[in-house]
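First residue of the sequence shown? That's 1 in our numbering, and the numbers climb one at a time after it.
Just so it is clear, CB atoms sit at the ideal spot from N, CA and C, and this is done for glycine as well.
Because the structure is a prediction, the values reported are computed rather than measured.
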Amino acid sequence: MIKESCVETISQIEHAIKNGANRIELCDNLSVGGTTPSYGIVKIAVEMCHQNNVEVAIMIRPRGGDFNYSYFEYEVMRQDIIQLKELNVDAFVFGCLDENGRLDEWKMKALKETSGNVPAVCHMAFDTINPYNQLKSLDWLINQQFERLLTHGGPSESSIFDNLNHLGKLLIHSKGNITIMPGGGLNRDNLSTLVEDIPFDEVHGTQIV
Numbered sequence: 001m002i003k004e005s006c007v008e009t010i011s012q013i014e015h016a017i018k019n020g021a022n023r024i025e026l027c028d029n030l031s032v033g034g035t036t037p038s039y040g041i042v043k044i045a046v047e048m049c050h051q052n053n054v055e056v057a058i059m060i061r062p063r064g065g066d067f068n069y070s071y072f073e074y075e076v077m078r079q080d081i082i083q084l085k086e087l088n089v090d091a092f093v094f095g096c097l098d099e100n101g102r103l104d105e106w107k108m109k110a111l112k113e114t115s116g117n118v119p120a121v122c123h124m125a126f127d128t129i130n131p132y133n134q135l136k137s138l139d140w141l142i143n144q145q146f147e148r149l150l151t152h153g154g155p156s157e158s159s160i161f162d163n164l165n166h167l168g169k170l171l172i173h174s175k176g177n178i179t180i181m182p183g184g185g186l187n188r189d190n191l192s193t194l195v196e197d198i199p200f201d202e203v204h205g206t207q208i209v
C-alpha cells in the first residue's frame, strides 16, 4: 500500500520520510485546503525525498475557496506547472470546476497538457460535483489519462467511513484505469479499519504515517 502524506513544511517532510511515507503531497496553506507551494520548498523537497525513494506530488491551486477559477487564476496555475515541472516532480495535483459545479474540462485538459510527461492527479474538488455526475466525470478523467483521483467520497464535513459505499462505487467503476485514493480524516490509527472494508492500494492524509 502506498501511503501519501500531505505536508507543508520541511520538518513535516522529514517526519513523513522517517515514518515510512511512500509519497508526499506538498502544499502551502493547508488551513484552506492547500495551495501551490513555493519554488524553493519544491526544489528542496524533491531533493530530500528522491534521496529516500519517496515521490513528490505538488498541489497546484492559486487560492483557497471554491474551484471555479478565472482565466487569470488558471494562467497562474499553468505558469506554476511550467516552472515547477523543471524540478523533476512526480505528479501535479489540481482540480477546476465550472460555474455549474462540473469539471471545467477545458482548463483541466489544458493543465494536463501543460504537465507534459508529469502525471496529473485530480483532487477533492471532485467531491463537490453532484454525485449523479461523478461517474461521468470519472470517465472523463480516465479518458484524459489522469493518474489518480483523490477523494473523500462525500462532503468534506462527513466521515470518510460514512462514504464507503460511494468510494466502493468509484473504485468498481474505475476498473483499474485510474487509482482511487481515499483521503480526508484518514490517519495511522484508523487506516486499518478502512482497508479491512475496501483494500485500497493508495491512501492519503496529513497524519497517515
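Where His173 falls: helix, strand or coil (DSSP):
Residue numbering aside, residue 173 sits at position 173 when the sequence shown is read from its first letter. In the structure shown, His173 sits in a helix (DSSP, three-state: H, G or I).
Is it true that the CB of Ala45 sits closer than 8 Å to the CB of Arg23?
Here residue 23 refers to the residue found at position 23 of the sequence shown. Here residue 45 refers to the residue found at position 45 of the sequence shown. Contact: no.
Excluding the five sequence neighbours on either side, which residues of its own chain have a C-beta within less than 6 Å of the C-beta of Thr206, listed in chain order?
Residue mapping note: residue 206 aligns to position 206 of the sequence shown, counting from 1. Result list for Thr206: Cys6, in chain order.
So Thr35 packs on Arg63, CB below 8 Å; how close in whole Å?
Reading the sequence shown from its first residue, position 35 is the one you call residue 35. Reading the sequence shown from its first residue, position 63 is the one you call residue 63. That pair is a contact at about 6 Å.
When the Cα of Arg148 is compared with those of Ser174, Lys169 and Phe161, which residue comes out closest?
On the sequence shown, residue 148 is found 148 positions in, with the first residue counted as 1. Measuring from the Cα of Arg148, the nearest candidate turns out to be Ser174.
Quick one: what's Arg23 bridged to in DSSP?
Residue numbering aside, residue 23 sits at position 23 when the sequence shown is read from its first letter. According to DSSP, Arg23 bridges with Glu4 and Glu55.
Helix, strand or coil at Leu191 [DSSP, three-state]
Within the sequence shown, residue 191 is the residue found at index 191, counting from 1. The answer is helix: DSSP assigns Leu191 an H, G or I state.
DSSP beta-bridge partners for Ala91?
For the purposes of this step, residue 91 is taken as the residue at position 91 of the sequence shown. In the DSSP output, where bridge partners are listed per residue, Ala91 has Ala57.
Going by beta carbon distance, what residues of the same chain come within less than 8 Å of Asn133, once the five residues before and after it are set aside?
The residue labelled residue 133 in the question sits at position 133 within the sequence shown. Taken in chain order, the residues that qualify are Arg102.
Would you tell me roughly how many angstroms separate the C-alpha atoms of Leu26 and Leu186, rounded to the nearest one?
Numbered from 1 along the sequence shown, position 26 holds the residue referred to as residue 26. Numbered from 1 along the sequence shown, position 186 holds the residue referred to as residue 186. Their Cα atoms are separated by approximately 17 Å.
For Val69 and His50, what's the separation of their Cα atoms in angstroms?
For the purposes of this step, residue 69 is taken as the residue at position 69 of the sequence shown. For the purposes of this step, residue 50 is taken as the residue at position 50 of the sequence shown. In the sequence under discussion, the amino acid at residue 69 is Tyr, which differs from the Val named in the question. Taking the straight line from one Cα to the other gives about 32 Å.
Give every residue of the same chain whose Cβ lies closer than 7 Å to the Cβ of Ser115, excluding the five residues on either side of it in the sequence, and list them in chain order.
To locate residue 115, count along the sequence shown from 1; it is residue 115. Excluding residues within five positions, the ones whose Cβ falls inside 7 Å are Ile81, Lys85 and Phe92.
Spatially closest choice to Val238 from Ile160, Ile178 and Gly176, by CA coordinates:
The first residue shown for the chain is 1 and the last is 209, placing residue 238 beyond what the model contains.
DSSP three-state label for Thr128, please.
For the purposes of this step, residue 128 is taken as the residue at position 128 of the sequence shown. For Thr128, the secondary structure class from DSSP, reduced to helix, strand or coil, is helix.
Label Arg188 either buried or exposed according to how many other C-beta atoms from any shown protein chain fall within 10 Å of its C-beta, with 16 as the threshold for buried.
Here the question's residue 188 lines up with position 188 in the sequence shown. Classification for Arg188: exposed.
From Thr179 to Leu171, what does the alpha carbon distance come to, in whole angstroms?
Residue mapping note: residue 179 aligns to position 179 of the sequence shown, counting from 1. Residue mapping note: residue 171 aligns to position 171 of the sequence shown, counting from 1. Taking the straight line from one Cα to the other gives about 8 Å.
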